[in-house]
Each structure stands twice: as structure tokens, then as C-alpha cells.
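Numbering (the working numbering), first residue to last: 11 to 86.
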């Protein structure tokens, strides 16, 4: 569920009382925990998004990363 999903939902007359699943974009980007950092950063930038969930080899959520994390780590 992104800020863009929320904006589109509200602009189209959606209500905040509904389940998030009614407003979210299905099939969004996830990053594999084994991905190289530079490739993950480039993918975020290419897709013009600032953050993504990170999943393990079983597809389970194990964290999240955002562009600020890369900048703080010196991965420009």
C-alpha cells in the first residue's frame, strides 16, 4: 500500500473506513533479501518509488528498505 494508492483512492471518492486491500496496488515490488544493494537501489529509482518490502527466500517479509537507507550507507 503506497501513498500513491491512498491518493488515487481518495481522489476517486474512496473512504478511509474500508480495508486497505480495496485500495492497494496488487503485485507491487518486493526485494529479495539476497539482492545486491546497488541493484535494489537502481530498481527503486527506475520504478520511481522510495521504498519496498524485503522478503526472504520463502517470500516472507523480513524488513523494508528505502532510498534514504542507501544514501546513509554511502550507496549513491
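For glycine and all other residues, C-beta sits at the position ideal for the given N, C-alpha and C. None of these values were measured; they are calculated from a predicted model.
- DSSP lists 41 and 73 as the beta-bridge partner residues of residue 64.
- In the displayed model, residue 17 falls within a helix according to three-state DSSP.
- By a beta-carbon distance limit of 8 Å, residue 35 does not contact residue 60. Their separation comes to about 15 Å.
- Taking the Cα positions, residue 29 is about 12 Å away from residue 16.
- Using a Cβ distance threshold of 8 Å, residue 64 and residue 75 count as a contacting pair.
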